[in-house]
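Following my numbering, the numbering of the sequence shown begins with 1171 at its first residue and continues without gaps. We treat Cβ as the ideally placed atom computed from N, Cα and C, and that holds for glycine. Only a predicted model underlies this, so the values are computations on that prediction, with no experimental measurement involved.
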Amino acid sequence: MPYTLYRGDALTALAGIPDNSVDAVITDPPYNSGGRTSSERTGRSARAKYTSADAEHDLANFPGENRDQRSYGFWLTLLLTESYRATVESGSALVFTDWRQLPTTTDALQAAGWTWRGIASWHKPVSRPQKGRLKQSCEYIVWGTKGPVDANRNPVYLPGLYTASQPRKGRVHITQKPVEVMRELVKICPPAGTVLDPFTGSGTTGVAALREGRQFIGVELSDHYAEIAEQRLRNALTQDDFELAGPEE
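Structure (structure tokens):
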């Protein structure tokens, strides 16, 4: 099989992945973001944080969203340290984050040993306007490498800005990323190489990796989302998937 999906805690699963065995880490960890106070940050579910009251979907919550700022930074450093060990020399790490956790994410990446190379942006055309404020229409991708960049190993030219809306039809996860964005990002991994995602969610990174001719290793704590990811990964092998929506007008 061109993919492996582990069910359980990311740190536990990562410990069993051999040294220097993956080519790229591409992941969307739970942001543990939002809330002006500690109680607001830790006392609400993922659905309460990231879903508007008038949302038309009723998607399941996901775990790992209740760490305070200091524990989030420490926890993410541990995960990226294990990911660093498992990655080959000159391999890459791409980590999604929002504006609140951007400083902590860049710190954790570097504390784990990665060389920070920059930030890309995912622009969401449809996002909620906020009266008297600038619109928060971007999430960010912090990226780095294990040691130097080896451009000859994978001579791609990738953009630093991606524009796509979250899926509307067939959406299966609260924070689901567009497959079209992930298909571009997985190209940082050499063809036939292995992409690791310690927070697989509904499996979008894995679907993108398989469709772009890469191998995939995923880890998912939620049994609910692991089942969805497993089905999507199987479907990706035959180029089937949940119906994808284009950019919203």
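Helix, strand or coil at residue i according to DSSP, with G and I counted as helix
i, result
"A1183", "helix"
"W1245", "helix"
"S1291", "strand"
"S1260", "strand"
"Y1327", "coil"
"D1189", "coil"
"R1177", "strand"
"Y1254", "helix"
Burial state of residue i (16 or more Cβ within 10 Å)
i, result
"W1269", "exposed"
"G1288", "exposed"
"R1323", "exposed"
"N1202", "buried"
"Y1327", "exposed"
"S1262", "buried"
Whole-angstrom distance between residue j and residue i, CA atom to CA atom
i, j, result
"I1187", "C1308", "32 Å"
"T1182", "D1393", "16 Å"
"R1384", "T1276", "26 Å"
"A1334", "Y1176", "29 Å"
"V1389", "L1403", "13 Å"
"A1321", "A1290", "18 Å"
"P1348", "H1293", "11 Å"
Run of the beta strand (DSSP E) containing residue i, from where it starts to where it stops
i, result
"L1331", "L1331 to T1333"
"W1284", "Here W1284 belongs to no beta strand (DSSP E), and DSSP marks it neither H nor E."
Boundaries (first-last residue) of the alpha helix (DSSP H) holding residue i
i, result
"L1279", "L1272 to A1281"
Quiz item: Where are the beta strand (DSSP E) runs, 3 residues long or more, that stay fully inside the region 1348 to 1413, in chain order?
Solution: Listed in chain order, they are 1364 to 1367 and 1385 to 1390.
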